[in-house]
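Here the sequence shown stands for residues 12 to 252, numbered as in the numbering used here.
No residue lacks a Cβ here, since even glycine has one placed at the ideal position from N, Cα and C.
Note that this is a predicted model, so its numbers are computed, not measured.
Have a look at the structure below before the remarks.
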Amino acid sequence: MDNPKIPSFPYLLGFLLGDGSIFVKIRLTSSGSFLFIPFLVFPQKPSEYNRHMYTMMSKFFENLGVKCYVTTRKGESASLYIEGLKAVTPLVFLFKEYKGLGYWKSKNIDLLIEFLKYHSAGVQTFKSGLIALLNVLYKYPNDREKSLDEWVSLANDYFKNVEEGYISGNHLIQPLKGRGAKANEFIAWRAVFPEKVNSYKNLPIKQFSFSTYGSSSKALEAAIEYRDQVLESILKELATE
């Protein structure tokens, strides 16, 4: 079933077109992995009327299953925030439906829609996908403390550390042990994909036997080539949607 139109949303969108913000923050965890935090801000001057308005807006969003909260700077402003993937994702169909009303903030809306498309596909779980997602964020107007090159360097560093935890030395390439007399021997490499990527596109686990390819190293080359082809096909598909 198609998502329904919600006539009241253009009214709320008007607050974003004024002093509001649509943005995606990038943060690093203590392990060096990346967090992406989309958020919407609806700012107004603090007043009894605006407090009532925020109560009504909060009810609107809560009816859509969207959590929001209000912060107040004494004597300055009051802002309604919708922050985080769980809160913002349910609104993407509304932004798509009313994108034509984005006017001077159309690029910000495009940013949100494209970011959520890539992130929902799980591209942030592998290196080339994470870099592609960073490129999406930086192709739109932004005011960030770090440059794209700095973030890409951090992404490379993170996945370098990730690969050190793999016996194969390669992300998403795992060894497979044999059975019976070979129960303690590695007999193949297998390419596995993150759960979030699999939920976007069902990808069967494929193994590359040492005996088939003549050696462990040749089988590893084949597994890496397969992994890269699959992940690249996902990024190409997203780029053309």
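Inter-residue spacing [alpha-carbon to alpha-carbon] between residue i and residue j
i: Glu-232; j: Asn-213; result: 23 Å
i: Met-12; j: Asn-153; result: Any reading at Met-12 is ruled out, since the residue's pLDDT is 38, under 50, leaving its predicted position unreliable.
i: Ala-194; j: Ser-228; result: 20 Å
i: Gln-240; j: His-63; result: 54 Å
i: Val-134; j: Val-77; result: 24 Å
i: Leu-39; j: Asn-146; result: 17 Å
i: Glu-206; j: Asn-61; result: 43 Å
i: Gln-218; j: Arg-190; result: 15 Å
i: Lys-7; j: Pro-186; result: This structure gives no information on residue 7, because the portion of the chain shown stretches from 12 to 252.
i: Val-163; j: Arg-155; result: 14 Å
i: Thr-251; j: Ile-17; result: 28 Å
i: Ile-9; j: Asn-181; result: Outside the shown range of the chain (12 to 252) lies residue 9, about which nothing can therefore be said.
i: Lys-157; j: Glu-196; result: 46 Å
i: Ser-19; j: Leu-75; result: 13 Å
i: Ser-42; j: Glu-175; result: 14 Å
i: Lys-188; j: Trp-200; result: 9 Å
i: Tyr-22; j: Glu-59; result: 19 Å
i: Val-173; j: Ala-192; result: 32 Å
i: Gly-95; j: Ala-230; result: 41 Å
Whether residue i touches residue j by CB criterion (9 Å)
i: Phe-170; j: Leu-242; result: no
i: Ala-166; j: Ile-184; result: no
i: Phe-72; j: Ile-93; result: yes
i: Ala-89; j: Val-99; result: no
i: Tyr-237; j: Ser-131; result: no
i: Val-35; j: Leu-122; result: yes
i: Leu-102; j: Tyr-65; result: no
i: Phe-45; j: Leu-159; result: no
i: Leu-112; j: Phe-126; result: no
i: Cys-79; j: Met-67; result: no
Contact belief for residue i with residue j at Cβ below 8 Å, rounded distance in angstroms
i: Val-208; j: Ile-245; result: 7 Å
i: Lys-128; j: Leu-51; result: With a Cβ gap of about 17 Å, Lys-128 and Leu-51 do not count as contacting.
i: Tyr-109; j: Leu-24; result: 6 Å
i: Ile-120; j: Ile-33; result: 6 Å
Start-to-end residues for the alpha helix (DSSP H) that takes in residue i
i: Trp-162; result: 159-175
i: Arg-62; result: 59-74
i: Asp-108; result: A small fix is needed here, since residue 108 is Glu in this sequence, not Asp. Here the alpha helix (DSSP H) through Glu-108 covers 103-108.
Span of the beta strand (DSSP E) around residue i
i: Gln-185; result: 184-188
i: Val-52; result: 45-55
i: Tyr-80; result: 80-84
i: Val-134; result: Here Val-134 belongs to no beta strand (DSSP E), and DSSP marks it neither H nor E.
i: Phe-34; result: 32-39
i: Arg-238; result: Run containing Arg-238: none in the beta strand (DSSP E); it sits in the alpha helix (DSSP H), 227-251.
i: Lys-217; result: 217-220
i: Leu-315; result: Past the boundaries of the shown model lies residue 315; the chain is included only from 12 to 252, so the question cannot be answered.
i: Phe-204; result: That residue, Phe-204, is in no beta strand (DSSP E); it is neither H nor E in DSSP.
Check: residue i C-beta below 8 Å from any heavy atom of the ligand GDP
i: Asn-61; result: You won't find the ligand GDP in this model; it holds no ligand whatsoever.
contact_flag[the region 109-125, the region 213-225] where n(CB pairs < 8 Å) is 3 or more: no
Can you find at least 3 beta carbon pairs, one from the region 24-42 and one from the region 51-61, that sit closer than 8 Å? Judged by pairs of C-beta atoms under 8 Å, the region 24-42 touches the region 51-61, as three or more such pairs exist.
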